[in-house]
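Each number in the numbering used here comes from the position in the sequence shown (counting from 1) with 1097 added on. One structure below.
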Amino acid sequence: MSTVFGSLRRLAMAPSLAAVTFQRRGFPVRPSEITERLEAIPQSVICGFEWAIDSRDQWEVERRLAVVEPELRGFAYEGATMAFTIRDAMRGERSREFLLGPAQPYIFLTYIGIGFAMARLPRRLWAKVLPDLGGSPYYPTMSWLAVDGYGFDRAYFDTKRWVDEKLVPAPYPWAGDPDYFLRAVDQGIGRALWFIHGADVVPVAARVAGFPAHRQADLWSGVGLAAAFAGGAEAADLTELRKRAEEHRPEVSLGAILAAKARDYAGHIPRYSADATLALTDLTVAEAVELADSTEGDARTDGPVPAYELWRRSIRARLAERDGRLAG
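Structure follows, in structure tokens:
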């Protein structure tokens, strides 16, 4: 059941389903079955947001989310987390209960939902958006996905400034590291490029190439993650994507491995995710997950480099070792 104030929040903050379509956003793509399927992803986020922003209890939100098809359910959880985060920034602790409860299988995506909330909250409230999830796997290591989500949101909804004009936001000391904040933002922008160009690998690659060289590795990582998690491209196109990434091929593979890990952790792996994982990494989903799990222990939290980046480096190093053995 909705509340009066909740309904007002929903009307003020939630875009319509039509507002996130590629045509309405002005993205340079032609409508197709692929773009329609990709558009269902942000639309699922909006549904989750609307269900949670004005709900009286978590049970009702859970039941609504349960009816979303498994392929899209994690995105609806993103939206619900976004809503609970916004509500908690004002007053409450809904997101902690939610993330430690029914949202746990979707923890990778729910961090991204926190980032969507950050895009709608003033920075002075950002210190309140990440609940204490002690005891939860991947906390706080994967909290950098919230910054990734922030970057994705800004690129998707303010494409002119964040993509065309290549805006660099002011650093923010997320987890005490303002420099890595900028890198994580670029990882999210890279994911957004996959949607902005409707999974068309040629313009995606061209757009990445138009960014300064020092930003391209993180952008390519985001592209690889989106290609494997959201789908939209055939095997031949994904092969072309790896080719156009050139020296950043390991970053594309890294993104795909993280996508495979997230899909596997949520318990549902669409065929396109399995196909993309193989095309971008030469690994099955099971092999990609094993690689991610076997390097997870390298993500220490007591050093100057974020544990998330240490994990990413370990995955890249393992890929390099494998490629060296194959080349030998």
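No residue lacks a Cβ here, since even glycine has one placed at the ideal position from N, Cα and C.
Closer than 6 Å: residue i CB and nearest the ligand ZN heavy atom
i, result
"Phe1249", "Of ligands this structure carries none, so the ligand ZN is not represented either."
Bridge partner(s) assigned by DSSP for residue i
i, result
"Ser1233", "DSSP, once it has assigned bridges, lists no residue as partnering Ser1233."
"Ser1370", "DSSP, once it has assigned bridges, lists no residue as partnering Ser1370."
DSSP state of residue i mapped onto helix, strand, coil
i, result
"Ser1411", "helix"
"Ala1417", "helix"
"Ala1306", "helix"
"Asp1274", "coil"
"Ser1113", "coil"
"Ser1104", "With a pLDDT of only 40 at Ser1104, under 50, the local geometry of the prediction cannot be trusted, and the value read off the model is given with reservation. In this structure, Ser1104 counts as helix in the three-state DSSP scheme."
"Arg1127", "coil"
"Ile1295", "A small fix is needed here, since residue 1295 is Gly in this sequence, not Ile. Note: Gly1295 maps to coil in three-state DSSP."
"Leu1338", "helix"
"Ala1330", "coil"
"Thr1378", "helix"
"Ala1228", "According to the sequence as given, residue 1228 is Pro; it is not Ala. Residue state, collapsed to three classes: coil."
"Gly1400", "coil"
"Ala1324", "helix"
"Glu1343", "helix"
"Glu1159", "helix"
"Glu1133", "helix"
"Lys1263", "coil"
"Val1301", "helix"
"Ala1314", "helix"
"Pro1139", "helix"
"Ala1200", "coil"
"Leu1290", "helix"
"Val1164", "coil"
"Tyr1405", "helix"
"Gly1145", "helix"
"Leu1279", "helix"
"Leu1218", "coil"
"Lys1257", "helix"
Distance between beta carbons of residue j and residue i, contact taken as under 8 Å
i, j, result
"Leu1388", "Ile1412", "6 Å"
"Thr1279", "Val1260", "First, the residue type needs correcting, since residue 1279 is Leu and not Thr in the sequence shown. Their Cβ separation, rounded to whole angstroms, is 15 Å, which puts Leu1279 and Val1260 out of contact at 8 Å."
"Pro1125", "His1345", "Wrong, their Cβ atoms sit about 23 Å apart, outside the cutoff."
"Leu1135", "Phe1292", "6 Å"
"Val1282", "Val1301", "About 18 Å separates the two Cβ atoms, so there is no contact after all."
"Leu1316", "Phe1326", "In fact, because the Cβ distance is near 16 Å, the residues do not count as touching under 8 Å."
"Arg1122", "Ala1115", "That belief does not hold up - the Cβ atoms of Arg1122 and Ala1115 are roughly 10 Å apart, past 8 Å."
"Val1349", "Leu1377", "6 Å"
"Ser1240", "Ala1272", "7 Å"
"Ser1370", "Gly1329", "The pair is not a contact, with the Cβ atoms about 11 Å apart (cut-off 8 Å)."
"Ser1140", "Val1117", "The sequence shown places Gln at residue 1140, rather than the Ser named in the question. The pair is a contact, with the Cβ atoms about 6 Å apart (cut-off 8 Å)."
"Gly1246", "Gly1212", "2 Å"
"Leu1169", "Ile1138", "7 Å"
"Phe1181", "Arg1188", "That pair is no contact at about 12 Å."
"Ala1324", "Ala1353", "7 Å"
"Phe1146", "Ala1200", "No, Phe1146 and Ala1200 are not in contact; Cβ-Cβ is about 14 Å, not under 8 Å."
"Arg1193", "Pro1228", "4 Å"
"Pro1202", "Ala1363", "5 Å"
"Asp1334", "Val1298", "5 Å"
Range of the contiguous alpha helix (DSSP H) that encloses residue i
i, result
"Tyr1208", "Ile1204 to Met1215"
"Tyr1269", "From DSSP, Tyr1269 is part of no alpha helix (DSSP H); its letter is neither H nor E."
"Met1427", "One cannot answer for residue 1427 here, as it falls past the ends of the chain, which runs 1098 to 1425."
"Lys1358", "Arg1346 to Ala1363"
"Val1386", "Val1382 to Thr1392"
"Arg1122", "Phe1119 to Arg1122"
"Leu1197", "Arg1191 to Leu1197"
"Asp1250", "Trp1241 to Phe1254"
Any chance the region 1174–1191 sits against the region 1201–1210, with 3 or more Cβ pairs inside 8 Å? With the cut-off at 8 Å, the region 1174–1191 and the region 1201–1210 touch.
Taking contact to mean at least 3 C-beta pairs separated by less than 8 Å, is the region 1354–1361 in contact with the region 1285–1299? No, the region 1354–1361 is not in contact with the region 1285–1299.
The region 1137–1157 contacting the region 1215–1231, beta-carbon criterion three pairs below 8 Å: At 8 Å Cβ cutoff, the stretches do not touch.
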